[in-house]
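*Asks:*
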Amino acid sequence: MSLRLPLTSCRLFAYASTVGRAKKLKRHFTSSSFSSVRNATASVSTDFPIIPGLEDQMVGYIFGRRKATDVAHSVWKHVLREGDAAVDATCGNGHDTSALVKLVAGESARGRVYGMDIQEGALQSTSCFLRQSLSPQEMELVKLFPMCHSKLAEIVPEDALVRLVAFNLGYLPGGDKAITTRSETTLLALEAAGSIIEPGGLISTVVYVGHPNGREEFETVQAFASGLSTEDWVCCKLQMLNRPLAPVLIFTFKR
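Start counting the sequence shown at 1; every next residue gets the next number (our numbering).
Right under this line is the structure:
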């Protein structure tokens with residue numbers, strides 16, 4: 001896996017939800033209740049199998065013992081299948097990229113994961129972490145691109161069946177906190193993700209609101225989601241109500 005790293009810095013993206021009344025989600029998603037946001041009154045698909053672990057992660061998150069990313073990774077298991085294609089639109093340090101590869105590879109070491117980040121340090125960190133966490137066969141399934149997440153659609157082949165696009169917004173952990181994802185490019189990335197995701201696929205976003213650009217970016221993501229067709233999309237938000245700076249989970253499912 002070869003990389004050509006850029007000299008510029010930007011970072012990456014987010015995705016969507018509308019603010020609404022709290023609901024109890026159906027058992028196939030979680031048996032716990034939390035703040036749920038839907039584009040309208042469209043029903044949630046019940047075709048997904050019950051996969052062990054999601055309920056525990058959700059309960060742990062509710063009681064402050066699990067991170068937002070732990071919940072996101074558990075949700076991904078309900079969507080990705082062996083041989084699927086996935087996109088990590090904000091590689092960061094590579095933890096999401098690695099998790100995606102494990103899910104699409106399966107025992108047959110198939111599937112494909114396309115990762116991107118515009119920061120040289122992020123791609124270097126991702127590449128290093130992948131070499132430590134993946135087998136040589138799994139490494140062959142990853143392609144990394146030194147690009148802004150707004151160009152997401154350009155890195156995916158036309159015949160790729162993309163079932164999941166993941167965004168982890170904000171700044172690079174351990175990097176320069178002044179370099180963050182921004183509303184302008186994140187909006188373009190959301191539009192690109194929506195154009196390539198397959199029916200039955202998911203756009204998963206963790207939005208960090210604690211940095212200077214975070215609140216504006218979060219509002220942009222929500223505004224974008226609120227305009228999505230209720231016939232084609234279902235959106236859900238998990239947010240800590242008494243911790244205003246805690247990251248917010250947003251899942252956008254394409255029917």
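The beta carbon of each residue, even a glycine, is placed where N, CA and C say it ideally should be.
Along the chain, where does the beta strand (DSSP E) containing Val59 start, and where does it finish?
*Replies:* Careful: Val59 lies outside any beta strand (DSSP E), inside the alpha helix (DSSP H) at Leu54 to Ile62.
*Asks:* Thinking Leu130 and Ser98 are a contact (beta carbons under 8 Å), I'd like their distance in whole angstroms, please.
*Replies:* With a Cβ gap of about 6 Å, Leu130 and Ser98 count as contacting.
*Asks:* Looking at the unbroken alpha helix (DSSP H) that takes in Ile196, where does it start and where does it end?
*Replies:* That run of the alpha helix (DSSP H) goes Ser183 to Ile196.
*Asks:* Which stretch, first to last residue, makes up the alpha helix (DSSP H) that contains Arg131?
*Replies:* Here the alpha helix (DSSP H) through Arg131 covers Glu120 to Ser133.
*Asks:* Taking the continuous alpha helix (DSSP H) assigned at Ala105, which residues delimit it?
*Replies:* Its alpha helix (DSSP H) spans residues His95 to Ala105.
*Asks:* Would you call Arg112 buried or exposed, if buried means 16 or more other Cβ atoms sit within 10 Å of its Cβ?
*Replies:* That one is buried.
*Asks:* State the Cα-Cα distance for the pair Ala160 and Ile179, rounded to the nearest angstrom.
*Replies:* Answer to the nearest angstrom: the Cα atoms are 31 Å apart.
*Asks:* Contact check, Asp96 vs Ala166 under 8 Å by CB: the rounded distance?
*Replies:* With a Cβ gap of about 5 Å, Asp96 and Ala166 count as contacting.
*Asks:* Cα separation between Ala225 and Gln137?
*Replies:* Between Ala225 and Gln137, the C-alpha separation is close to 37 Å.
*Asks:* Please identify the residue among Arg182, Ser135, Arg65 and Cys91 whose C-alpha is closest to the C-alpha of Glu219.
*Replies:* Of Arg182, Ser135, Arg65 and Cys91, the residue nearest in Cα terms is Arg182.
*Asks:* Roughly how many angstroms separate the alpha carbons of Val101 and Leu241, rounded to a whole number?
*Replies:* If you take the alpha carbons of Val101 and Leu241, they lie about 33 Å apart.
*Asks:* I need the DSSP call for Arg136, collapsed to helix, strand or coil.
*Replies:* The amino acid occupying residue 136 in the given sequence is Pro; Arg does not appear at that position. Of the three classes helix, strand and coil, the one that applies to Pro136 here is helix, per DSSP.
*Asks:* From Leu228 to Ser150, what does the alpha carbon distance come to, in whole angstroms?
*Replies:* Near 19 Å, if we compare the C-alpha coordinates of Ser150 and Leu228.
*Asks:* Beta-carbon within less than 6 Å of Ala192's beta-carbon, same chain only, minus the 5 sequence neighbours each way: which residues are those?
*Replies:* Closer than 6 Å at Cβ, skipping near neighbours: Leu152 and Ala153.
*Asks:* Buried or exposed: which applies to Ser135, given that a residue is buried once 16 or more other Cβ atoms fall within 10 Å of its Cβ?
*Replies:* Looking at its Cβ environment, which holds fewer than 16 other Cβ atoms inside 10 Å, Ser135 is exposed.
*Asks:* Under a three-way DSSP split, which group does Lys237 fall into?
*Replies:* Lys237: strand per DSSP, three-state reduction.
*Asks:* Report, in whole angstroms, the separation of the C-beta atoms of Thr186 and Val221, which I expect to be a contact under 8 Å.
*Replies:* With a Cβ gap of about 7 Å, Thr186 and Val221 count as contacting.
*Asks:* Any idea if Glu217 is buried or exposed, counting beta-carbon neighbours within 10 angstroms, 16 or more meaning buried?
*Replies:* Under this definition Glu217 is a buried residue.
*Asks:* Taking Gly106 as the reference, which of Gly64, Gly92 and Met139 has the closest Cα?
*Replies:* Per the Cα distances, Met139.
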